[in-house]
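**Q**
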Amino acid sequence: GGSIAWIDGGDFLRVGPRSAGAAPGPICYGLGGDEPTVTDANVAMQILNPTELLGGRMPIDRDSAVGAIEALGGRLGLSMLETAAGIIRVVTANMARAIRLVSVQRGHDPRAYCLMPFGGGGPVHAGRLARELGMRRILVPRNPGILCALGLLLTDLRRDFSVTRRMPLEASNIDALKDAFAGLRAAAEDWFEAEGVPAERRRLVASADMRYAGQNYELNAPMPDLTDKSALLDALVENFDRAYRRLYDYTAPDETIEIVTCRIEALGVTEKPQFTPSEDFGTDPSAAALTSRKIYMMETGGFVETRIYDRDRLRTGYRIDGPAVIEQMDSTTFILPGQSATVDPYLNLVIEEGTG
């Protein structure tokens, strides 16, 4: 949300990579920011609450955000709302491009996945981002703004150990390969001892970076826990072939496979809480309705009266058809026209396309 909107030398609107961060932050925060940001655009369009955020703890100065965006748009010959919409379009395209880099270019079709936004601003943009990528389902966690902090508290303790051992994957090198992994396991056990990880909570995951000889890039494949040399060799070849085929849709069985790096992932498994599903309250969300406000819909080029809901009052089974905004202390979720959100038994929001 802090990404700064600016105009380049060719008079094109850009967003980022510079950011206003949390200090001074967006102009609308009133903390000294003087360059329009994505958050300012969302406030100007009234997608974000135009008077307060953080459950009323942070007052919002919409007028200052509008003035800055208006000045930026004047340089482009655009109205304030056209400029704000342009900022959202550009940042959506930026995010879509970043996701394609880690999905399409690695052999994964994002349309086959569910989008999971997090952070204070993620759920604001998830609906448009999912449409841009052709993704039909979005899962918004119960507290997206603190999801990373929650993950830090619940995640397993982890350290990676690796050693470079470049060698052809053939029977004559299996002993050297096993010795390399034995050394990594010993180092991992020393680390467990130093960190005080109980024996029953220790996990080791072995893998190897491999490639066809002559290639510049490696693929990581699991290292089987086998003692028989022949079985170990066959399983490693099979694991590499599977990883290579998944990415490139073919293999080259006549080429020599080369091991480059041996890896051990050491995990100190933490105790995880058990989440209890809640009872179904039916589909009517009226108990969670707050008010309504006019939100600028760039798809139609005008303001649309939009229902606002309180996330803390949502119960399992509630269904909310877009357009709608769901507000909570740590985030805001924007549901587009043509999308529909349902509250699952764990109070996550499941937003689906084409069901509104």
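Quick note, the sequence shown lines up with residues 199 to 554 if you use our numbering. Glycine included, every Cβ here is placed at the ideal spot set by N, Cα and C.
Within the same chain, show all residues whose beta-carbon is closer than 6 angstroms to that of Pro321, passing over the 5 residues directly before and after it, in chain order.
**A** For Pro321, where only same-chain residues beyond five positions count, the Cβ hits under 6 angstroms are Pro315, Val338, Pro342, Ser529, Thr531.
**Q** Who does Lys427 pair with in a DSSP beta bridge?
**A** Bridge partners of Lys427: none, in fact.
**Q** Which residue from Ile286, Ile524, Gly317, Gly319 puts its Cα closest to that of Glu330?
**A** The candidate whose alpha carbon is nearest that of Glu330 is Ile286.
**Q** With three or more beta-carbon pairs closer than 8 angstroms as the criterion, would you say the stretch 452-467 touches the stretch 410-421?
**A** At 8 angstroms Cβ cutoff, the stretches touch.
**Q** Report buried or exposed for Arg340, applying the criterion of at least 16 other Cβ atoms within 10 angstroms of its Cβ.
**A** That one is buried.
**Q** Grouping DSSP H, G and I as helix and E and B as strand, with all else coil, what is Met365?
**A** If DSSP states are grouped into helix, strand and coil, Met365 belongs with the strands.
**Q** Going by beta carbon distance, what residues of the same chain come within less than 7 angstroms of Thr362, once the five residues before and after it are set aside?
**A** Around Thr362: Val458, Thr459.
**Q** Using C-beta distances below 6 angstroms, list every residue in its chain close to Ile524, excluding the 5 sequence neighbours before and after it, in chain order.
**A** Tyr507, Arg509, Thr531, listed in sequence order.
**Q** What is the DSSP secondary structure of Ile549, reduced to helix, strand or coil?
**A** Strand, per DSSP.
**Q** In whole angstroms, what is the alpha-carbon distance linking Leu211 and Ile297?
**A** Spanning the two alpha carbons is a distance of roughly 21 angstroms.
**Q** With 16 other CB atoms within 10 Å as the buried threshold, where does Tyr448 fall?
**A** So Tyr448 ends up on the exposed side.
**Q** Confirm, please, whether the CB-CB distance from Ala266 to Pro215 is below 7 angstroms.
**A** Not a contact, by the Cβ cut-off of 7 angstroms.
**Q** Kindly list the residues whose CB is nearer than 6 angstroms to the CB of Gly199, restricted to its own chain and excluding five residues on each side of it in sequence; keep chain order.
**A** Counting only Cβ-Cβ distances below 6 angstroms, and skipping sequence neighbours, we find Val236, Thr237, Gly319.
**Q** Name, in chain order, the residues that DSSP records as bridge partners for Met421.
**A** Answer is none; Met421 lacks a bridge partner.
**Q** Identify every run of the beta strand (DSSP E) within the stretch 379-460, keeping only runs that are complete inside it and at least 3 residues long; order them along the chain.
**A** Complete beta strand (DSSP E) runs here, min 3: 400-410, 417-420.
**Q** Give me, in chain order, the residues of the same chain whose beta-carbon lies closer than 6 angstroms to that of Glu463; leave out the 5 immediate sequence neighbours on both sides.
**A** Excluding positions up to five away in sequence, the list reads Asp358, Val403.
**Q** Out of Leu367, Arg399, Thr468, point me to the one whose CA is closest to Met421's CA.
**A** Comparing Cα positions, the closest option is Leu367.
**Q** Apply the 10 Å Cβ neighbour rule to Asp209 and answer buried if 16 or more other Cβ atoms are within range, or exposed otherwise.
**A** Answer is exposed; the Cβ neighbour count stays below 16.
**Q** With DSSP as the reference, please indicate the residues paired to Phe316 in a beta bridge.
**A** According to DSSP, which records beta bridges pairwise, Phe316 is partnered with nothing at all.
**Q** Apply the 10 Å Cβ neighbour rule to Phe473 and answer buried if 16 or more other Cβ atoms are within range, or exposed otherwise.
**A** With fewer than 16 other Cβ atoms within 10 Å, it is exposed.
**Q** Taking C-beta to C-beta, are Gly515 and Gln537 nearer than 7 angstroms?
**A** Contact: no.
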